[in-house]
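S.K.: If you count the sequence shown from 1, position 549 lands on 634 in our numbering, and the numbers rise without skipping.
What follows is a structure written as structure tokens; I'll ask about it next.
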Amino acid sequence: MRELFSLPTSGELSLDRYTLEFLADALPHQIWMADARGHIFFWNQKWYASNGLLINKSKGLDWEQIVHPEDYPAMRQTWQNALVQGQDLLTEARLHTSEGNYRWQEIRGSVRRDIEGTILLWVGTVTESEERKQEELTLKAREENFHLFTELLPQLAWVTRSDGFVEYCNQRYYDYTHARPEQILGYAWRQLLHPEDYARVIATRHLSLAQGNLYDIEYRLRDCQAGTYRWFLTRGIPVYGDSNQIIKWFGTSTDIEEQKQIEENLRRSQERVHALMESAIIGIAVAEGQTIVEMNDALLQLTGYTREEVEQRSLNTSTIMFPEYTSRDQQALQELATNKQITPYETTYVCKDGSLLPALVGVVALPHDPQQTIAFVLDNSDRKELEQRKDDFMSMASHEFKTPLTVLRMQIQLLQKQRARGEAHNITPALAKMGSQVARLTKLTEELLDVSKIAAGKMTYAREQVDISKLLHELADTLHQMYPTHTILVHNAAPVTLIGDKDRLEQVFINLLSNAIKYSPEANSVEVDLHPSLETLTINVRDHGIGIPRAQREKIFERFYRAIASEQKALTGLGMGLYISAEIIKRHGGTIRVKSELKKGSTFSVTLPLVMPQES
Ligand code: ADP
């Protein structure tokens, strides 16, 4: 029968047909051979055994008879292409089996040529691939189902190979990114990552690919049309094949932009609340009902209570309220109940050590839980002190004005009486007394005017040559005549000149010297010394008087401030002189400092540049 098959006649074939067929039959594989035109002239024994077709029936058997009709058209096309191009064949199709059904087989064919390249014959194999094919088909079906399913998802979905190569993404992915397939598939999607997220995402992806871990990461993905980014939460899981190897990764990316915005807003508002709580500017307390549950550092510092006391909830709002203010506080609590807030009002808190803290307090209740309240507390002591200082100033100022006016009125009455009696021949002493009172009033008025000029920034300065040592000597003489109780000793009489405003500097030294005399009633001398340097001149005015308490040494330069000690009450004044002096010295580019020892005396040191700065 076999001789019915004809071997190609042209070319060289080193093996004879029978030997070739014998060899093919001996192999455990399915072998076929076809002539140059593709006509199969030989199937080996294994083939017949596998495919169950009788040898005699196989005569002239061709692919069409054994390939599943559904697979035949594709198979024929591939076979014809191979024939035309003279290229090796590799295809897959369902072939008829000895069990009467079809099974997937892999068909390979190699072309055999003679030395001139003319095709002699085709030798091929058929290998059972049913299992692998079924696995592939199952996976394909699973993937198709997955693709179908992903189209229903509100998320972006994707499938990658085990190495991360993106094979598929759902329509929503395209819809959001407005990218073309070539901008997403493969590894191209990486270009859609936000540059700040890129390195982190790639590193995480590599790690999860290498370790087969769940891939779970947040990143920003670009909308190519708008050029904007949105945050996505991406999760991917590996899919394992039968051999327990990762064959795919399925994943979704969920738009979390809004969540991120909410988180960001929350973070920002927490940051703001934190900054407010941490600020040393304002005291803040949080209360639940009457119990104080939180106090910031600023308030703890102001009141002296401790964080532990707050944490142990041992403080309540009534502990820190000053009993005298209860009625005003009651009114405030009433306002809180009705309006869910208290308009800032002045109250007094009781500190831990029992001292009182004047405070400005505003309170708000949380809208959803009015039992929770937040109080904002400002230290009101400075304002209270200023108010007190102003009150004191008003009473002292009236006193300071009233005394000379009373003297003037008395002197006028005296003169009128003398004239009425015809005794007005010696009016000189009365005029002298009136003159000094007018001078006192003039000085007071000028000082008040200076204070308001300083406040309005309208004080003007001359620039002239001032011989300071000469000025101090003259002042020493004048003041000694006015206050003979004290001698003013000016050391270092060498002439020292500087550029400044002579009248204003004179005003400073009159103030310092007359203070030195006024505040050393028990002493009889005041010393002045001058220390010139290359660029500056320092003048020290030293007295042996009552001294200034340490806590008040800075404050005496403030407006209307008086360091009031009991023994000083008789020493009248309005607290304007040093304020004006400090301002004048500042405008000359200089400084004024004080050193003092209680009951021993004070030294005021003025340092002036030899040339007053131009801007003054
Ligand atoms: P006044 O003397 O009119 O009160 P000043 O502004 O000149 O105003 O002084 C402010 C305060 O500084 C004084 O009230 C006094 O308490 C204190 N003071 C100023 N000079 C001296 C001094 N030489 N010795 C002690 N206290 C002084």
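For glycine and all other residues, C-beta sits at the position ideal for the given N, C-alpha and C.
Bear in mind the structure is a predicted one, so any value in this text is a computation, not a measurement.
For ligand 1, is there any heavy atom lying closer than 8 Å to the beta carbon of Q592?
M.R.: No, since every heavy atom of ligand 1 falls outside the 8 Å radius drawn around the Cβ of Q592.
S.K.: Take V679 as the anchor and find which of I665, P634, L615 has the nearest alpha-carbon.
M.R.: For V679, the nearest C-alpha among the options comes from P634.
S.K.: Determine the DSSP secondary structure at S95, reduced to helix, strand or coil.
M.R.: Only weak support exists for where S95 lies, its pLDDT of 47 falling under 50; the value from the coordinates is given anyway. Coil.
S.K.: How is N401 classed by DSSP in three states: helix, strand or coil?
M.R.: If DSSP states are grouped into helix, strand and coil, N401 belongs with the strands.
S.K.: With a CB to CB cut of under 6 Å and the five nearest residues on each side skipped, what residues in its chain are close to N381?
M.R.: Contacts found: M362, I369.
S.K.: Would the C-beta of Q766 count as close to ligand 1, meaning under 8 Å from any of its heavy atoms?
M.R.: There is no way to answer for residue 766, as the model of the chain reaches only from 86 to 701.
S.K.: Between the alpha carbons of L463 and A655, how many angstroms are there, rounded?
M.R.: The straight-line gap from Cα to Cα measures roughly 36 Å.
S.K.: Alpha helix (DSSP H) containing V492: first to last residue?
M.R.: Where V492 is concerned, the enclosing alpha helix (DSSP H) stretches over 466-505.
S.K.: Which first and last residues belong to the beta strand (DSSP E) in which Y325 is found?
M.R.: 313-325 is the span of the beta strand (DSSP E), which, as asked, contains Y325.
S.K.: For the candidate residues L278, L105, Q115, whose alpha-carbon lies nearest to that of R307?
M.R.: Checked all of L278, L105, Q115; the closest Cα to R307 is L278.
S.K.: Within the continuous beta strand (DSSP E) that includes A372, where are the two ends?
M.R.: That run of the beta strand (DSSP E) goes 368-373.
S.K.: Taking the alpha-carbon positions, what's the L695 to I584 distance?
M.R.: Whole-angstrom Cα-Cα distance: 6 Å.
S.K.: Starting from R525, trace the alpha helix (DSSP H) in both directions and tell me its first and last residue.
M.R.: Note, R525: alpha helix (DSSP H), 513-541.
S.K.: For A561, is the beta carbon positioned less than 8 Å from some heavy atom of ligand 2?
M.R.: Among the ligands present in this structure, namely ligand 1, ligand 2 is not found.
S.K.: Exposed or buried, M56, counting other C-beta atoms within 10 Å across all chains shown (16 or more means buried)?
M.R.: Nothing about residue 56 can be reported from this structure: the residues present for the chain run from 86 to 701 only.
S.K.: So, W189 versus E177, is the Cβ gap smaller than 9 Å?
M.R.: It is a contact, given that the beta carbons lie within the stated cut-off.
S.K.: In its own chain, which residues sit with a C-beta less than 6 Å from the C-beta of A242, not counting the 5 before and 5 after it?
M.R.: Within the same chain, A242 has close Cβ partners T235, N255, T337.
S.K.: Quick one: grab the DSSP three-state call for L241.
M.R.: Strand.
S.K.: Between I331, R392, P455, which has its C-alpha nearest Q375's C-alpha?
M.R.: Q375 has its Cα closest to that of P455, out of I331, R392, P455.
S.K.: Taking the alpha helix (DSSP H) that G662 falls in, what are its first and last residues?
M.R.: Counting along the chain, the alpha helix (DSSP H) containing G662 begins and ends at 662-672.
S.K.: Quick check on the DSSP output: what are the complete alpha helix (DSSP H) runs of length 4 or more inside the segment 546-603, in order along the chain?
M.R.: If we require 4 residues or more, the alpha helix (DSSP H) runs fully inside the segment 546-603 come out as 553-567, 587-603.
S.K.: Grab me the residues of S466's own chain with a C-beta within less than 6 Å of its C-beta, minus the 5 sequence neighbours each way, in chain order.
M.R.: Around S466: P443.
S.K.: For L693, list the residues DSSP reports as bridge partners.
M.R.: L622.
S.K.: What number of angstroms, rounded off, separates the C-alpha of K333 from the C-alpha of S247?
M.R.: Taking the straight line joining both Cα atoms gives about 5 Å.
S.K.: Would you give the residue range spanned by the alpha helix (DSSP H) that L105 belongs to?
M.R.: L105 -> alpha helix (DSSP H) spans 102-111.
S.K.: Could you compute how far the alpha carbon of T621 sits from the alpha carbon of Q550?
M.R.: Near 15 Å, if we compare the C-alpha coordinates of Q550 and T621.
S.K.: Is I602 buried or exposed, if buried means 16 or more other CB atoms sit within 10 Å of its CB?
M.R.: The residue is buried, with at least 16 neighbouring Cβ atoms inside 10 Å.
S.K.: Taking L516 as the reference, give the member of R506, Q498, T530 with the closest Cα.
M.R.: Out of R506, Q498, T530, Q498 has the C-alpha closest to the C-alpha of L516.
S.K.: Could you check the C-alpha separation between Y133 and Q162 for me, to the nearest Å?
M.R.: Roughly 25 Å between the two C-alpha positions.
S.K.: Three or more beta-carbon pairs under 8 Å between the segment 164-173 and the segment 195-210, yes or no?
M.R.: With the cut-off at 8 Å, the segment 164-173 and the segment 195-210 touch.
S.K.: Within the continuous beta strand (DSSP E) that includes I450, where are the two ends?
M.R.: One detail in the question is off: residue 450 reads as Ala in this sequence, not Ile. 441-451 is the span of the beta strand (DSSP E), which, as asked, contains A450.
S.K.: Have a look at H263 and E281 and give me their C-alpha separation to the nearest angstrom.
M.R.: In a straight line, the C-alpha of H263 is about 21 Å away from that of E281.
S.K.: Does the Cβ-Cβ distance between L180 and R193 come in under 9 Å?
M.R.: Cβ distance not < 9 Å, so L180 and R193 don't count as in contact.
S.K.: Rounded to whole angstroms, how far is the Cβ of K131 from the Cβ of L112, which I believe are closer than 8 Å?
M.R.: Indeed, because the Cβ distance is near 7 Å, the residues count as touching under 8 Å.
S.K.: Determine the closest residue to L693 out of L683, H571, G675, Q699, with distance taken between C-alpha atoms.
M.R.: Answer by Cα proximity: G675.
S.K.: Does the distance from the C-beta atom of Y300 to that of I322 stay below 9 Å?
M.R.: Yes, they are a contact pair.
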